[in-house]
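In what follows, a structure is listed as structure tokens, so that the remarks can point back to it.
2 protein chains.
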Amino acid sequence: MRCEVLAIGTELLLGQIVDTNSAWIGERLAEIGIDSYEHRAIGDNQARIVAAMHEMFQRCDALIICGGLGPTQDDLTRDAIAEWIGVKLVRHDDLAEQIAAMFKVRLRDMPQNNLRQADVPQGAEAIPNPIGTAPGLRCEHGGKVVYAVPGVPYEMQKMVAEQVLPDLLRRSGERSAIVSRSLKTWGTSESALAEMVSHRVDALVDTGNPTIAFLARGIEGLVVRVTAKGSTIEEAEALLTAEETELRKVLGNLVFGADDETLESVVVSELARRGWTLGTAESVTGGLIASRIVNVAGASEVFKGSIVSYATEVKRDLLDVLSPLVVSCEAVEEMAIAAKRLLQTDVAIAVTGVAGPSEQDGQAIGTVCFAMALPGGVVESVQTRLPGDRERIRQFASISLLNLLRLRLEAMPL
Amino acid sequence: MRCEVLAIGTELLLGQIVDTNSAWIGERLAEIGIDSYEHRAIGDNQARIVAAMHEMFQRCDALIICGGLGPTQDDLTRDAIAEWIGVKLVRHDDLAEQIAAMFKVRLRDMPQNNLRQADVPQGAEAIPNPIGTAPGLRCEHGGKVVYAVPGVPYEMQKMVAEQVLPDLLRRSGERSAIVSRSLKTWGTSESALAEMVSHRVDALVDTGNPTIAFLARGIEGLVVRVTAKGSTIEEAEALLTAEETELRKVLGNLVFGADDETLESVVVSELARRGWTLGTAESVTGGLIASRIVNVAGASEVFKGSIVSYATEVKRDLLDVLSPLVVSCEAVEEMAIAAKRLLQTDVAIAVTGVAGPSEQDGQAIGTVCFAMALPGGVVESVQTRLPGDRERIRQFASISLLNLLRLRLEAMPL
Chain A
46 MRCEVLAIGT
56 ELLLGQIVDT
66 NSAWIGERLA
76 EIGIDSYEHR
86 AIGDNQARIV
96 AAMHEMFQRC
106 DALIICGGLG
116 PTQDDLTRDA
126 IAEWIGVKLV
136 RHDDLAEQIA
146 AMFKVRLRDM
156 PQNNLRQADV
166 PQGAEAIPNP
176 IGTAPGLRCE
186 HGGKVVYAVP
196 GVPYEMQKMV
206 AEQVLPDLLR
216 RSGERSAIVS
226 RSLKTWGTSE
236 SALAEMVSHR
246 VDALVDTGNP
256 TIAFLARGIE
266 GLVVRVTAKG
276 STIEEAEALL
286 TAEETELRKV
296 LGNLVFGADD
306 ETLESVVVSE
316 LARRGWTLGT
326 AESVTGGLIA
336 SRIVNVAGAS
346 EVFKGSIVSY
356 ATEVKRDLLD
366 VLSPLVVSCE
376 AVEEMAIAAK
386 RLLQTDVAIA
396 VTGVAGPSEQ
406 DGQAIGTVCF
416 AMALPGGVVE
426 SVQTRLPGDR
436 ERIRQFASIS
446 LLNLLRLRLE
456 AMPL
Chain B
46 MRCEVLAIGT
56 ELLLGQIVDT
66 NSAWIGERLA
76 EIGIDSYEHR
86 AIGDNQARIV
96 AAMHEMFQRC
106 DALIICGGLG
116 PTQDDLTRDA
126 IAEWIGVKLV
136 RHDDLAEQIA
146 AMFKVRLRDM
156 PQNNLRQADV
166 PQGAEAIPNP
176 IGTAPGLRCE
186 HGGKVVYAVP
196 GVPYEMQKMV
206 AEQVLPDLLR
216 RSGERSAIVS
226 RSLKTWGTSE
236 SALAEMVSHR
246 VDALVDTGNP
256 TIAFLARGIE
266 GLVVRVTAKG
276 STIEEAEALL
286 TAEETELRKV
296 LGNLVFGADD
306 ETLESVVVSE
316 LARRGWTLGT
326 AESVTGGLIA
336 SRIVNVAGAS
346 EVFKGSIVSY
356 ATEVKRDLLD
366 VLSPLVVSCE
376 AVEEMAIAAK
386 RLLQTDVAIA
396 VTGVAGPSEQ
406 DGQAIGTVCF
416 AMALPGGVVE
426 SVQTRLPGDR
436 ERIRQFASIS
446 LLNLLRLRLE
456 AMPL
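Going down the list, the protein sequences come from chains A and B.
Mind the numbering: the first sequence is residues 46 to 459 in our numbering, read in order.
Mind the numbering: the second sequence is residues 46 to 459 in our numbering, read in order.
Quick look at the structure:
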């Protein structure tokens, strides 16, 4: 089974929008073992879309067309598919009613143009879109299948994951229930991670189900993504859960969370479970840690504030740092203790360091010190050396400190 | 003249990397009036790359191939182009020396594989790459031209802007010196901006030189990009400067900077010119403003720190906010005054607001108050209502306050 991706939109060719959809779909196809050898982007031009379909179908069995399902005259995916099959568009009254109902719920008038979204090539099927007005399309012709999905990323993702991929698997004779879990790790390299789970990868070679993939997320770490197929969702989930248990056994606390969790969301929930509040004192990171934490829903239960002491005078005058070297374990401990006291929190974390462009007090660029002030007067600190340029050192320092706190909290009894 | 873009790399198809290069090239081609109707991505497979070249050249005059110029056996762009022309690869000794010299400068051993990057299809030209080891290629065959450029974005951008686009213009019979300037604006809509400069767009219709394009940069504002062509760089620059002057006349202080400038870099340089220091007090933005400012090179001359007072107690106890409503002009003025005093700065800015998920003290989600405490005891504040979700309100508030300060500083005599 070979499935290609065709993105539609003149704005893609003009560079007004970067096409992230094709990469997302490519990643999902690879996970379920369907080959994809070509991604293409074409403008809003019916003749060119139809020509691309003919050309691509010379070499593939299935095609996912992304975009061009909107309500305007520029949205030509429906028309192009009808032309490719050689049929007319037929208005589906039930779709028209659903679209009208969606506008009503949102208390907005429906432009008549929107009814174009209820048009379906004769003989094709509409794919329901529970979160947008544009239904998708599924059309078989000459032993090939084309799926049309919306260009809006979250609508597209839901439709592809829940409707298109299972249908593709069914067509390829595979079990068609698919479930995935992303185990998010931080603190090791891709090769070390691959070595740790190599016995699991080997154990799965014969069945090819579940599959294990490594996805690099840059400075945010590495994701181990498990994808399981089954005849039913329950069967797929049982396989997934069993594999997740095996992987977590070897990966241990390298895994900080799953799916939508982030390092900061895990820190916030670990603190909330204990009823503890958090404050931060940041020098080199300049507020980055605080701004990551406040993006967590429910952060206000836990997070009280931060003192960004970028200048040495602020460290001395506001945070009472007495240590002569402001990039040192002594200084960063003083920062954490002062933040805990000034912000009146149960826990405070602090960071100071040298991001460049030049060294500071004889400390090399990349030198960073972290501290945690914990309940009961416990204060801990560590000094390290981070790679990269200013921006990278700052990002790396923020994540490193969040991870230190996460590990420390997880190791404490509740 | 029609020029298409072909991106090479299995990692693109697998979704491990999102292809941003094609959009960037598409934007540049549109600016200089060269049509581009198709972008394609193909994996690291020589037969499929050659087949794509044949197919695409049926409809276009020029092709930019991006990626696949690295040193490994997977990097097949050179081989594919040689096969397409029907010639062999020839090692260029001068290129081999340049590559070896680049490794020497960086004090690294050169793997023998890297010499593959000195291979050029017979009869083709290498395009110098002053900032990386992979030279580009320029190959003419059968009245068509193919350019191969590296996949590393900043190497690609430099090579396309400085070598490929001028060559394309020369081939199309156009004047081949091109220069561009991005005027960055904040605070108005695309339609309002288009109306303001419509007389300039009309005035340029006949010559088509310079051209004016509007580029949306999301929450960071809108860019008015001017691109001028000439027989010489000097001629192009004269046209560009004249047009920039006209545009700045009508756009006035909507333009906050040009090219690489950001709102925060302009704020930092306006403060530095006056020898003033800056502090911030942030509630709803949670440190976002501080972290934007510290990313500016030279920020340490100006920026002293921030007090992130997320919790009401921190506003009361640390910032001495007495106002009963913590989202109000009174409260935010108190925050700015306290930050100026505690951080001992010449200027302090402050923000408080309601980012949701629920209202606060009867204030609706999106309500945000800004204050500036300036030298001489001047304190000013403003209340507004911002659209969007939590994350968007926070981003919008950060940029809005930086822009308020920028406008206030620009209006002051030096």
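Here a beta-carbon is modelled for each residue, glycine too, at the ideal position from N, C-alpha and C.
Quick check on the burial criterion: 16 or more other C-beta atoms within 10 angstroms. Buried or exposed for residue i?
| i | result |
| --- | --- |
| LYS294 (chain A) | exposed |
| MET417 (chain A) | buried |
| ALA381 (chain A) | buried |
| ASN158 (chain A) | exposed |
| HIS84 (chain B) | buried |
| GLY218 (chain B) | exposed |
| ASP64 (chain B) | buried |
| LEU367 (chain B) | exposed |
| PRO369 (chain A) | exposed |
| ILE264 (chain B) | exposed |
| GLU240 (chain A) | exposed |
| GLN167 (chain A) | exposed |
| MET457 (chain B) | exposed |
| ARG262 (chain A) | exposed |
| SER81 (chain B) | buried |
Tell me residue i's beta-bridge partners as DSSP assigns them.
| i | result |
| --- | --- |
| GLY60 (chain B) | The partner list for GLY60 (chain B) (beta bridge, DSSP) is empty, contrary to what the question assumes. |
| ILE110 (chain B) | B:LEU51 and B:ALA193 |
| LYS274 (chain A) | A:ILE223 |
| THR233 (chain A) | Answer is none; THR233 (chain A) lacks a bridge partner. |
| PRO166 (chain B) | B:LEU134 |
| VAL250 (chain A) | Partner(s): none; VAL250 (chain A) has no beta bridge. |
| ARG183 (chain B) | B:GLU170 and B:TYR192 |
| HIS84 (chain B) | A:ALA86 and B:VAL50 |
| CYS414 (chain A) | A:THR397 and A:GLN428 |
| ALA258 (chain B) | B:ARG270 |
| LEU228 (chain B) | B:VAL269 and B:ALA303 |
| GLN118 (chain B) | Note: GLN118 (chain B) sits in no beta bridge, so no partner. |
| VAL392 (chain B) | B:LEU323 |
| GLN408 (chain A) | A:GLN405 |
If we ignore side chains and look at the alpha-carbon of each, how far apart do residue i and residue j end up?
| i | j | result |
| --- | --- | --- |
| THR256 (chain A) | LEU296 (chain A) | 17 Å |
| ASP391 (chain A) | ALA258 (chain A) | 39 Å |
| ILE176 (chain B) | MET204 (chain B) | 10 Å |
| VAL197 (chain B) | SER426 (chain B) | 45 Å |
| VAL6 (chain B) | ALA107 (chain B) | Here chain B has residues from 46 to 459 only, and residue 6 (chain B) is not among them. |
| ILE334 (chain A) | ALA169 (chain B) | 51 Å |
| ASP119 (chain A) | ALA145 (chain A) | 21 Å |
| SER310 (chain A) | LEU51 (chain B) | 40 Å |
| SER336 (chain A) | VAL269 (chain B) | 30 Å |
| THR277 (chain A) | SER221 (chain A) | 8 Å |
| GLY266 (chain B) | THR230 (chain A) | 35 Å |
| ALA96 (chain B) | HIS137 (chain B) | 27 Å |
| GLU185 (chain A) | GLN61 (chain A) | 33 Å |
| GLU291 (chain B) | LEU431 (chain A) | 47 Å |
| SER443 (chain A) | ALA395 (chain A) | 10 Å |
| GLY331 (chain B) | GLY332 (chain A) | 7 Å |
If I measure Cβ to Cβ from residue i and keep anything under 7 Å in the same chain, skipping five residues before and after, which residues do I get?
| i | result |
| --- | --- |
| GLY324 (chain B) | LYS349, GLY350, SER351, ALA384, LYS385, LEU388, THR390 and ALA393 |
| VAL372 (chain A) | THR397, GLY398, VAL399, GLN405, ASP406, GLN408, THR412 and CYS414 |
| VAL209 (chain B) | ILE109, TYR192 and VAL194 |
| SER227 (chain B) | VAL268, ARG270, ALA303 and ASP304 |
| GLY232 (chain A) | LEU299 and ASN448 |
Note down, in chain order, each residue of its chain lying with its Cβ closer than 8 Å to the Cβ of residue i, except the 5 sequence neighbours on either side.
| i | result |
| --- | --- |
| LEU140 (chain B) | GLN162, ALA163, VAL165, ALA171 and PRO180 |
| GLU282 (chain B) | VAL224, ALA273 and GLY275 |
| ASP124 (chain A) | GLN91 and LEU134 |
| VAL424 (chain A) | GLU378, ALA381, ILE382, ALA416, MET417 and ALA418 |
| GLY253 (chain A) | GLY78 |
Leaving out the 5 sequence neighbours to the left and right, which residues in its chain are closer than 6 Å to residue i when beta-carbon positions are compared?
| i | result |
| --- | --- |
| MET98 (chain B) | TRP129 |
| GLY54 (chain B) | GLY112 |
| VAL341 (chain A) | GLU309, SER310 and VAL313 |
| GLU288 (chain B) | PRO255 and VAL271 |
Problem set entry | Within the region 418-447 of chain B, ranges of the beta strand (DSSP E) (whole runs, at least 3 residues) | Counting only runs of 3 or more, we get 424-430.
Problem set entry | Segments assigned alpha helix (DSSP H), at least 4 residues, entirely inside the region 316-380 of chain B | Complete alpha helix (DSSP H) runs here, min 4: 333-339 and 357-362.
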